[in-house]
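What follows is a single structure, written as structure tokens, with notes after it.
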Amino acid sequence: MLTRLSAAVYGMGTAPTIAPERSSQTIRKQYPNYKVIVLNDDFNTFQHVAECLMKYIPNMTSDRAWDLTNQVHYEGQAIVWVGPQEPAELYHQQLRRAGLTMAPLEAA
């Protein structure tokens with residue numbers, strides 16, 4: 001047997017619920033940057049490391065390449081470039097193929 005329940009039982013006799021307006025503002029989340037890190041090793045010469053940095057890292061000056069090469073030697077590693085993932089992967093691969101010892105790419 002079905003009985004008819006009043007609208008008040010279901011809350012239909014009250015004012016309608018108003019949903020908050022959706023924000024039309026888009027929040028853009030930036031992609032993370034990645035660090036290209038060269039590690040010290042016992043077989044690459046200072047000259048080779050500096051030349052590779054100048055060849056493969058955009059806008060790398062001779063002075064900056066030598067500073068980074070010294071950092072690699074004396075501190076064990078140097079971050080040679082930071083930026084978006086795709087070019088970071090390219091520079092990392094080029095330096096590795098040139099024989100440099102590379103740390104895995106890591107988010108900055």
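So in full-length UniProt numbering, spot 95 of the sequence shown is number 95, and the numbers just go up one at a time. Virtual Cβ for every residue (Gly too), placed ideally from N, Cα, C. Owing to the predicted nature of the structure, the values given are computational and were not obtained by experimental measurement.
key: Distance CB(Ala-103)-CB(Ile-57) smaller than 8 Å   = no
query = With respect to the alpha helix (DSSP H) encompassing Val-100, which residues constitute its N-terminal and C-terminal limits?
reply = In the sequence under discussion, the amino acid at residue 100 is Leu, which differs from the Val named in the question. No alpha helix (DSSP H) holds Leu-100; DSSP gives it neither H nor E.
query = Under a Cβ-count criterion, where at least 16 other Cβ atoms within 10 Å of its own Cβ denotes burial, should Tyr-74 be classed as buried or exposed?
reply = exposed
Pairwise C-alpha distance: Gln-47 and Ser-62 = 11 Å
request  = Return the chain-ordered list of same chain residues with a C-beta closer than 6 Å to the C-beta of Trp-81, the five sequence neighbours on each side being excluded.
outcome  = Val-36, Ile-57 and Tyr-91
query = How many Å lie between residue 122 and Gln-30 at the Cα?
reply = Here the chain has residues from 1 to 108 only, and residue 122 is not among them.
message = Restricting to runs no shorter than 3 residues, where is the beta strand (DSSP E) found entirely within the UniProt domain "Adaptor protein ClpS core" (30-105)?
response = 34-39 and 77-83
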